Amino acid sequence: MTTIKQRKITQDKLVHQEDRIVALTDLLSYYKDITETVREPFLILDKELHVVTANHAFYRTFKVNKRDTQHKRIYELGNNQWNIPELRELLERILPKHRVFNNFSVTHDFPVLGQRTMLLNARQVDSKQLILLAMEDVSAQQKLKGDSDEMTANLIRQRDKLQKLNSTKDEFVSMASHQLRTPATVIKQYAAMLSEGYAGKLSGKQKDMANIIYESNERQLEIIEDLLRVARVDDGKVYLEKSACNMTQILEVVIEKQAILFKSRGQTVTLQKPPKKIMAMMDHKLMSMVFENLLDNAGKYSESGSKIKITMSQTDKFTKVSVQDSGVGIARVDYKKLYKKFSRIDNSLSIAVAGTGLGLYWVKKILDLHEGSIEVESKLNKGSTFMVKLPIAADYSLEPTPS
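For reference, each letter of the sequence shown is one residue, going 18 to 420 in my numbering.
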């Protein structure tokens, strides 16, 4: 009886083992069908790390054949090219504990391929009887990242160098401008004294020469002031002192300051006052200078006897001031040059009108600080309209003008 029972147990074990082999064979066939659809190199290993099968991508990538691959331990493949310490650590120590690892990077010098960086993904299946091992060559991506990192570092170094050069340039402009302003101011004073006869009566020719000195020196002082203003705003040393300002009053003062100049040109400036008081949040001094610049440009780039019109309007979001002239105008292709540093636009009056090309650049910077904007509409020989927009002073907007 005992012998019969033992035979029965042995027979059951054999049947179970045969079933297990059939199931494993079916499973291997299933996994093999899947791996063949994978474009990256893929291996199926047994628990002793022998290659059960590999897909075509593995053979193609590592230039090996089935005879030298199947049933070999992975470390023996391709002249032991997979005998990599990092891979041993993964397969023999990490995988048995965790049953899976993902995106583990291994860099190795393969005999046929050269140095490559591989991302390895492994998983134990079928009660740890099989190991699925996928490989992805990310060498190109790694090189691209390295090149990108190097390029970024180079760009940062170049940016820092340019910023340092720009800072040095700004410091030089500021220092030079300060140094030039003192002697220019002295020249201005002595030229005025000569014209007024402090050193004795001058002849007509001498007066003309003194006037030329004075006017040329005035122009030099204007250039120096332009350079200083731009140097300060570029260096971030311009700070706003905002308050709610009456736009009509500010523009009236701006027009009055240039009244004599416009009279000498035979030009007229009209300010269309709105029916209601218009207020805007701004730095009174700086925005007055902005409007002085726009009004001065309107006069300089218009013929004698022409008219300039200033209008104002307000919405619930912004205050708008427009300065319209009937001058030489600006071609649309030149719009992009308007607010660039040291940029001037060629036209019939640009030779006669001296300028540094800094005025509108500075205007744009000041408006940016105010969170405002400037736009232009223009046609050649038809005039230009510059439109400034500023945030409103909410507590004062749309109030009636006091009688």
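Using N, Cα and C, we set each Cβ at its ideal position, and we do this for glycine too. Because the structure is a prediction, the values reported are computed rather than measured.
For valine 129, three-class secondary structure by DSSP: One-based indexing of the sequence shown puts residue 129 at position 112. Coil at valine 129, not helix or strand.
Residues bridged to aspartate 300 [DSSP beta-bridge criterion]: Counting from one through the sequence shown, the residue named residue 300 turns up at place 283. In the DSSP output, where bridge partners are listed per residue, aspartate 300 has Lys259.
Among Lys181, Leu182 and Ile230, the one whose alpha carbon lies nearest that of valine 203: Along the sequence shown, one-based indexing puts residue 203 at 186. Taking valine 203 as reference, the option from Lys181, Leu182 and Ile230 with the minimal CA-CA separation is Ile230.
CA nearest to the CA of aspartate 243, picked from Phe359, Asn82 and Lys89: By one-based count along the sequence shown, residue 243 stands at place 226. Comparing Cα positions, the closest option is Phe359.
Exposed unless 16 or more other CB atoms sit within 10 angstroms - verdict on glycine 163: Position 146 of the sequence shown, counted from the start, is the residue given in the question as residue 163. Exposed, by the Cβ-count rule.
Glutamate 258 to glutamate 309 span [Cα, whole Å]: Looking up residue 258 in the sequence shown gives position 241. Looking up residue 309 in the sequence shown gives position 292. Rounded to whole angstroms, the separation of the alpha carbons of glutamate 309 and glutamate 258 is 19 angstroms.
Residue interval of the alpha helix (DSSP H) (run including isoleucine 267): Within the sequence shown, the letter at position 250 stands for residue 267. Isoleucine 267 -> alpha helix (DSSP H) spans 264 to 274.
Beta strand (DSSP E) segment containing leucine 149, residue limits: Looking up residue 149 in the sequence shown gives position 132. First-last of the beta strand (DSSP E) with leucine 149: 147 to 154.
Through-space distance from valine 123 to glutamate 153, alpha-carbon basis: As a working mapping, residue 153 is identified with position 136 in the sequence shown. As a working mapping, residue 123 is identified with position 106 in the sequence shown. Cα-Cα distance, rounded: 10 angstroms.
C-alpha gap between glutamine 341 and aspartate 300, whole angstroms: Position 324 of the sequence shown, counted from the first residue, corresponds to residue 341. Position 283 of the sequence shown, counted from the first residue, corresponds to residue 300. Approximately 23 angstroms between the Cα atoms of the pair.
Three-pair Cβ contact test at 8 angstroms for the stretch 247 to 254 versus the stretch 286 to 301: Contact fails: fewer than three Cβ-Cβ distances are below 8 angstroms.
Close beta carbons around lysine 326, own chain, < 6 angstroms, minus the five adjacent residues each side: Your numbering for residue 326 matches position 309 in the sequence shown. Here the set comprises Thr287 and Gln341.
Cβ neighbour criterion (16 or more within 10 Å) applied to asparagine 82: Position 65 of the sequence shown, counted from the start, is the residue given in the question as residue 82. By the beta-carbon neighbour count (other beta carbons within 10 angstroms, threshold 16), asparagine 82 is exposed.
Between the CA atoms of glutamate 106 and histidine 115 - distance to the nearest angstrom: Sequence index remark: in the sequence shown, residue 115 carries index 98 (1-based). Sequence index remark: in the sequence shown, residue 106 carries index 89 (1-based). Taking the straight line joining both Cα atoms gives about 13 angstroms.
Per DSSP, cross-strand counterpart(s) of lysine 324: The sequence position of residue 324 within the sequence shown is 307, counting from 1. Paired residues: Thr285.
Straight-line Cα distance separating alanine 201 from glutamine 237: Within the sequence shown, the letter at position 220 stands for residue 237. Within the sequence shown, the letter at position 184 stands for residue 201. Here the alpha carbons of alanine 201 and glutamine 237 stand approximately 7 angstroms from one another.
Closest residue to isoleucine 111 among Asp313, Ala139 and Leu375 (Cα-Cα distance): To locate residue 111, count along the sequence shown from 1; it is residue 94. With distances taken between Cα atoms, isoleucine 111 lies closest to Ala139.
Beta-carbon gap between arginine 90 and histidine 67 smaller than 7 angstroms: The residue labelled residue 90 in the question sits at position 73 within the sequence shown. The residue labelled residue 67 in the question sits at position 50 within the sequence shown. Pairing arginine 90 with histidine 67 gives a Cβ-Cβ distance under 7 angstroms.
Closest residue to histidine 133 among Ser156, Pro113 and Lys64 (Cα-Cα distance): For this step, residue 133 is matched to residue 116 along the sequence shown. It is arginine, not histidine, that sits at residue 133 in the sequence shown. Among Ser156, Pro113 and Lys64, the Cα nearest to that of arginine 133 is on Ser156.
Of the residues Glu394, Pro408, Asn398 and Ser395, the one placed nearest histidine 387, counting alpha carbons only: Your numbering for residue 387 matches position 370 in the sequence shown. Checking every option, the nearest Cα to that of histidine 387 belongs to Pro408.
Alpha-carbon to alpha-carbon, lysine 294 and glutamine 331: Along the sequence shown, one-based indexing puts residue 331 at 314. Along the sequence shown, one-based indexing puts residue 294 at 277. Per the coordinates, the alpha-carbon of glutamine 331 lies some 10 angstroms from the alpha-carbon of lysine 294.
Cut-off 6 angstroms between Cβ atoms - residues of its own chain near valine 129, not counting five sequence neighbours on either side: Within the sequence shown, numbered from 1, the residue matching residue 129 stands at position 112. Excluding sequence neighbours, valine 129 sits near Lys80.
Contacting residues, own chain, Cβ-Cβ under 7 angstroms from tryptophan 99 (five flanking each side not counted): Residue 99 sits at position 82 when you count from the first residue of the sequence shown. Ile91 and Tyr92.
Proximity to serine 184 [Cα-Cα], best of Gly253, Met168, Thr199 and Leu147: Residue mapping note: residue 184 aligns to position 167 of the sequence shown, counting from 1. Nearest to serine 184 by alpha-carbon distance, out of Gly253, Met168, Thr199 and Leu147, is Gly253.
Assigned exposure category for glutamate 416 - 16 Cβ within 10 Å defines buried: Position 399 of the sequence shown, counted from the start, is the residue given in the question as residue 416. Any reading at glutamate 416 is ruled out, since the residue's pLDDT is 45, under 50, leaving its predicted position unreliable.
In DSSP terms, what methionine 329 is bridged to: Taking the sequence shown and counting its residues from 1, one reaches residue 329 at position 312. Partner(s): Val338.
Buried versus exposed, by CB contacts within 10 Å (16 or more), aspartate 85: Locating residue 85 in the sequence shown gives position 68, where the first residue counts as 1. It counts as exposed.
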